[in-house]
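Asks: The listed protein sequences derive, respectively, from chains R and F.
Using the working numbering, count along the first sequence one by one with no gaps and you end on 247.
Using the working numbering, count along the second sequence one by one with no gaps and you end on 247.
By construction, the Cβ of each residue, glycine as well, lies at the ideal position given by its N, Cα and C atoms.
There are 2 protein chains.
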Amino acid sequence: MKKPLILITNDDGVTAPGIRALVEVAQTLGDVLIVAPDSPQSGMGHAITIHDPIRLHPSRAFPGLEAYECSGTPVDCVKLAVNVLLEGREPDLCVSGINHGSNASINIIYSGTLSAAMEASLEGIPSIGFSLLDYSYDADFEQGKPFIRQIMQYVLENGMELGSLLNVNIPKLPAAEIKGIKICRQADARWVEEFVEAKDPRGQKYYWLTGRFENDDLLPDTDLWALENGYVSVVPSMHDLTNYRAMDSVRPLEQLSTTENAASI
Amino acid sequence: MKKPLILITNDDGVTAPGIRALVEVAQTLGDVLIVAPDSPQSGMGHAITIHDPIRLHPSRAFPGLEAYECSGTPVDCVKLAVNVLLEGREPDLCVSGINHGSNASINIIYSGTLSAAMEASLEGIPSIGFSLLDYSYDADFEQGKPFIRQIMQYVLENGMELGSLLNVNIPKLPAAEIKGIKICRQADARWVEEFVEAKDPRGQKYYWLTGRFENDDLLPDTDLWALENGYVSVVPSMHDLTNYRAMDSVRPLEQLSTTENAASI
Chain R
-17 MKKPLILITN DDGVTAPGIR ALVEVAQTLG DVLIVAPDSP QSGMGHAITI HDPIRLHPSR
43 AFPGLEAYEC SGTPVDCVKL AVNVLLEGRE PDLCVSGINH GSNASINIIY SGTLSAAMEA
103 SLEGIPSIGF SLLDYSYDAD FEQGKPFIRQ IMQYVLENGM ELGSLLNVNI PKLPAAEIKG
163 IKICRQADAR WVEEFVEAKD PRGQKYYWLT GRFENDDLLP DTDLWALENG YVSVVPSMHD
223 LTNYRAMDSV RPLEQLSTTE NAASI
Chain F
-17 MKKPLILITN DDGVTAPGIR ALVEVAQTLG DVLIVAPDSP QSGMGHAITI HDPIRLHPSR
43 AFPGLEAYEC SGTPVDCVKL AVNVLLEGRE PDLCVSGINH GSNASINIIY SGTLSAAMEA
103 SLEGIPSIGF SLLDYSYDAD FEQGKPFIRQ IMQYVLENGM ELGSLLNVNI PKLPAAEIKG
163 IKICRQADAR WVEEFVEAKD PRGQKYYWLT GRFENDDLLP DTDLWALENG YVSVVPSMHD
223 LTNYRAMDSV RPLEQLSTTE NAASI
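Shown next as structure tokens:
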């Protein structure tokens, strides 16, 4: 049987320990192609590079493997991999991460890691974003590996609904203390911002973005509940942002606005 | 009665004609606070600035109005407005745009304009992103104004479901030819990328991102159908990206992974 082809990217950059751990797991399941940003791209969301040219160089970060580093965003990495490097070869799976820090709940929309996975899902590639709840550079990625391998294998064997991706977060716990995997919905939590104000040497004011995470959505079907209770959280996610439930509440707009009405406004 | 407070931002930058048109409409409905990027930020998606300090300066682009320009992304603009400039005053509405070019369908996830509106919705502020289907700098924003005013007024009077926002796109047509407003779902279309390869003066290869838009989702309940048929499209959108329908297909992962299983992988 032909080995599956696994595309790997991240948002912490090609030298981050997290992507190294992910490559180690992926190599046990298939052939890998690594295309990752040449510098950290956390918080880039679904940004793409349209006002600047993008550079793409072979990377020496993974000796013996096909690896590239890219000057663009995580989403750019996926686009370049699919459209320039692979030229028709379709990866069987795209994995992004392992992110240094949580991408549970609302973090999915700020996360370059998850946006890269979403871009792959837009290309029709089954895709998974992995994150470990440990922001430190020297985080221990070993405990999550068995679960990561299990989830990747499941998706390789069973495929994934078109346009869907998985947002996987791993608690910061020894493997023996992780209770298992939970399928969850995205908790409705948010960041409460606190900007830190400072002055530069020329007396000009500037701000640093910081904040604390606030969660009032405490139900046990959420990813945050699963993580707090020792589970790996898996949220099936998608790029259709339509709020179908809210359609009726704005439907009266259709009646209000005929050409006649519009002309008289 | 107290006049409503309307927060205004965009992704084309504080000097773009689109935001000027939006300010003109908003002024007829309430007091305005303008916080927009100091340079174009198209394609920034939900990016936030975490590795650099952010500058915020009073802007002279709107004489007589409270206006600021910000070195960060559209999402940064909303965060700074809410957390630094307003300090507790809650805007009654946030509007973003008018974008020079379409943000229908999948463009919502790449768009700084819509990400700013989504950020406001996360803050609990009813919010709307407006876009005109004309990419040119000198686009004529007049024809859309009656519809924009009507939609803003409707939201000011009726509020909006928490966590929801409206993605409004306006066809490039004279006002008299616009048939009205249609409430739609996001069409499942995508960009097919074609990278343009070039070489710099030192012989180094680089790429420009370009592409064409491809739509196979031709049903009449989509935003793309509405726009092609002369309607203003309104898609109620949200930040919950959970794919509830896909949950059952990955549910077997929960059974596979007990602590015992994980240890034996």
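Any C-beta of chain R within less than 8 Å: which residues of the region 209 to 232 of chain F qualify?
Replies: Those would be VAL214, VAL216, VAL217, PRO218, SER219, MET220, HIS221, ASP222, LEU223, THR224, ASN225, TYR226, ARG227, ALA228, MET229, SER231, VAL232, in chain order.
Asks: Report the three-state DSSP secondary structure of ASP13(R) (helix, strand or coil).
Replies: One-based indexing of the first sequence puts residue 13(R) at position 31. It is a strand residue.
Asks: Determine whether the beta carbon atoms of VAL(-4)(F) and ALA18(F) lie at a separation below 9 Å.
Replies: Within the second sequence, numbered from 1, the residue matching residue -4(F) stands at position 14. Within the second sequence, numbered from 1, the residue matching residue 18(F) stands at position 36. Yes, they are a contact pair.
Asks: Name the DSSP beta bridge partners of VAL51(R), please?
Replies: For the purposes of this step, residue 51(R) is taken as the residue at position 69 of the first sequence. One point to set straight first is that residue 51(R) is Glu, not Val, in the sequence displayed. GLU51(R) pairs with ALA18(R), HIS39(R).
Asks: Residues of chain R with a CB under 9 Å from the CB of PHE112(F): which are they?
Replies: Numbered from 1 along the second sequence, position 130 holds the residue referred to as residue 112(F). Within chain R, no residue comes near PHE112(F); the closest Cβ sits about 14 Å away, beyond 9 Å.
Asks: Per DSSP, what are the beta-bridge partners of TYR195(F) in this structure?
Replies: In the second sequence, counting from the first residue as 1, residue 195(F) sits at position 213. In the sequence under discussion, the amino acid at residue 195(F) is Phe, which differs from the Tyr named in the question. According to DSSP, which records beta bridges pairwise, PHE195(F) is partnered with TRP173(F).
Asks: What does the Cβ neighbour count give for GLU175(R), buried or exposed, with the cut at 16 atoms within 10 Å?
Replies: Residue 175(R) sits at position 193 when you count from the first residue of the first sequence. Buried, since its Cβ has 16 or more Cβ neighbours within 10 Å.
Asks: Is it buried or exposed for GLN186(R), if we count other Cβ within 10 angstroms and need 16 for buried?
Replies: In the first sequence, residue 186(R) corresponds to position 204, counting from 1. Under this definition GLN186(R) is an exposed residue.
Asks: Let's test the definition: count the other Cβ atoms within 10 Å of the Cβ of TYR213(F) and tell me whether it reaches 16, buried, or not, exposed.
Replies: Taking the first residue of the second sequence as 1, we reach residue 213(F) at position 231. Flag for TYR213(F) reads buried.
Asks: Restricting to runs no shorter than 4 residues, where is the alpha helix (DSSP H) found entirely within the region 122 to 185 of chain F?
Replies: Correct list: 127 to 140.
Asks: With 16 as the cutoff for other CB atoms within 10 Å, does ALA245(R) come out buried or exposed?
Replies: Sequence index remark: in the first sequence, residue 245(R) carries index 263 (1-based). Residue placement at ALA245(R) is flagged as unreliable, the pLDDT there being 47, under the threshold of 50; the coordinate-derived value follows with that caveat. So ALA245(R) counts as exposed.
Asks: In terms of alpha-carbon separation, which member of LEU68(R), PRO153(R), VAL217(R) lies closest to HIS82(R)?
Replies: Along the first sequence, read from residue 1 onward, the residue named residue 82(R) stands at position 100. Per the Cα distances, PRO153(R).
Asks: Around the Cβ of HIS33(F), are there at least 16 other Cβ atoms within 10 angstroms (buried) or fewer (exposed)?
Replies: In the second sequence, the residue the question calls residue 33(F) occupies position 51. With fewer than 16 other Cβ atoms within 10 Å, it is exposed.
Asks: For GLY126(R), which residues of its own chain have a beta-carbon under 6 Å away from its beta-carbon, when the five flanking residues on both sides are left out?
Replies: Within the first sequence, residue 126(R) is the residue found at index 144, counting from 1. Closer than 6 Å at Cβ, skipping near neighbours: LEU114, ILE152.
Asks: Between THR55(F) and chain R, is the shortest Cβ-Cβ distance under 9 Å, so that the two count as touching?
Replies: Numbered from its first residue, the second sequence carries residue 55(F) at position 73. With 9 Å as the cut-off, THR55(F) counts as an interface residue toward chain R.
Asks: Quick one: using the 10 Å Cβ neighbour count with 16 as the cut-off for buried, is THR31(R) buried or exposed?
Replies: Walking along the first sequence from the start, residue 31(R) turns up at place 49. So THR31(R) counts as buried.
Asks: Helix, strand or coil for GLY79(R)? Go by DSSP, reduced to three states.
Replies: Your numbering for residue 79(R) matches position 97 in the first sequence. It is a strand residue.
Asks: Looking at chain R, which residues of the region 22 to 47 of chain F have a Cβ within less than 8 Å of any of its Cβ atoms?
Replies: Per Cβ criterion, the list reads PRO22, SER24, GLY25, MET26, GLY27, HIS28, ALA29, ILE30, THR31, ILE32, HIS33, PRO35, ILE36, ARG37, LEU38.
Asks: Between GLY79(R) and chain F, is there a C-beta pair that is closer than 9 Å?
Replies: In the first sequence, counting from the first residue as 1, residue 79(R) sits at position 97. Answer no: the Cβ-Cβ gap between GLY79(R) and chain F never drops below 9 Å.
Asks: In three-state terms, what does DSSP make of ALA245(R)?
Replies: Within the first sequence, the letter at position 263 stands for residue 245(R). Only weak support is given to the placement of ALA245(R): the predicted model assigns it a pLDDT of 47, under 50, and the question is left unresolved by the model.
Asks: So, under 8 Å CB-CB, VAL77(R) and ILE107(R) are touching, yes? Tell me the CB distance rounded to an integer number of Å.
Replies: One-based indexing of the first sequence puts residue 77(R) at position 95. One-based indexing of the first sequence puts residue 107(R) at position 125. VAL77(R) to ILE107(R), Cβ: 10 Å. No contact.
Asks: How close, in whole Å, do the beta carbons of VAL66(R) and GLU101(R) come, if the pair is a contact with beta carbons under 8 Å?
Replies: For the purposes of this step, residue 66(R) is taken as the residue at position 84 of the first sequence. For the purposes of this step, residue 101(R) is taken as the residue at position 119 of the first sequence. Contact doesn't hold; Cβ gap of about 14 Å is too wide.
Asks: Using 10 angstroms around the beta-carbon of GLU196(R), count the other beta-carbons present and answer buried if the total reaches 16, otherwise exposed.
Replies: Locating residue 196(R) in the first sequence gives position 214, where the first residue counts as 1. So GLU196(R) counts as exposed.
Asks: According to DSSP, is THR31(R) helix, strand or coil?
Replies: Numbered from its first residue, the first sequence carries residue 31(R) at position 49. Reduced to three states, the DSSP call for THR31(R) is coil.
Asks: Let's see if you can read the secondary structure: which residues bound the alpha helix (DSSP H) around MET26(F)?
Replies: On the second sequence, position 44 is the one that residue 26(F) refers to. From DSSP, MET26(F) is part of no alpha helix (DSSP H); its letter is neither H nor E.
Asks: Show which residues of chain F have a CB atom less than 8 Å away from the CB atom of LYS61(R).
Replies: The residue labelled residue 61(R) in the question sits at position 79 within the first sequence. Here the neighbours are GLU175, PHE177, LEU191.
Asks: Can a CB atom of chain R be found closer than 9 Å to the CB of ALA121(F)?
Replies: In the second sequence, residue 121(F) corresponds to position 139, counting from 1. Not an interface residue.
Asks: Report the rounded CA-to-CA distance for LEU200(F) versus LEU47(R), giving the unit in angstroms.
Replies: For this step, residue 200(F) is matched to residue 218 along the second sequence. For this step, residue 47(R) is matched to residue 65 along the first sequence. Going from the Cα of LEU200(F) to the Cα of LEU47(R) covers about 42 Å.
Asks: Starting from the Cα of ASN16(R), find the closest Cα among TYR188(R), GLY25(R), ILE1(R), LYS181(R) and give me that residue.
Replies: Indexing the first sequence from 1 puts residue 16(R) at position 34. Per the sequence presented here, residue 16(R) reads as Ile, with Asn not at that position. If we check each option's Cα against that of ILE16(R), ILE1(R) comes out closest.
Asks: Kindly indicate the opening and closing residues of the alpha helix (DSSP H) around PRO218(F).
Replies: Translated into positions along the second sequence, residue 218(F) becomes position 236. From DSSP, PRO218(F) is part of no alpha helix (DSSP H) but of the beta strand (DSSP E) over 213 to 220.
Asks: Are the CB atoms of LEU148(R) and ARG172(F) within a distance shorter than 9 Å?
Replies: Within the second sequence, the letter at position 190 stands for residue 172(F). Within the first sequence, the letter at position 166 stands for residue 148(R). Contact flag unset, no.
Asks: Rounded to whole angstroms, what's the CA-CA distance from PRO234(F) to LEU96(R)? Just pull it up for me.
Replies: Against the second sequence, residue 234(F) aligns to sequence position 252. Against the first sequence, residue 96(R) aligns to sequence position 114. Cα-Cα distance, rounded: 23 Å.
Asks: Among the candidates SER215(F), ASN225(F), GLU179(F), whose CA atom is the shortest distance from the CA of ASP205(F)?
Replies: Taking the first residue of the second sequence as 1, we reach residue 205(F) at position 223. Among SER215(F), ASN225(F), GLU179(F), the Cα nearest to that of ASP205(F) is on SER215(F).
Asks: Hey, how far is the Cα of LEU(-11)(F) from the Cα of GLY70(F)?
Replies: On the second sequence, residue -11(F) is found 7 positions in, with the first residue counted as 1. On the second sequence, residue 70(F) is found 88 positions in, with the first residue counted as 1. Taking the straight line from one Cα to the other gives about 14 Å.
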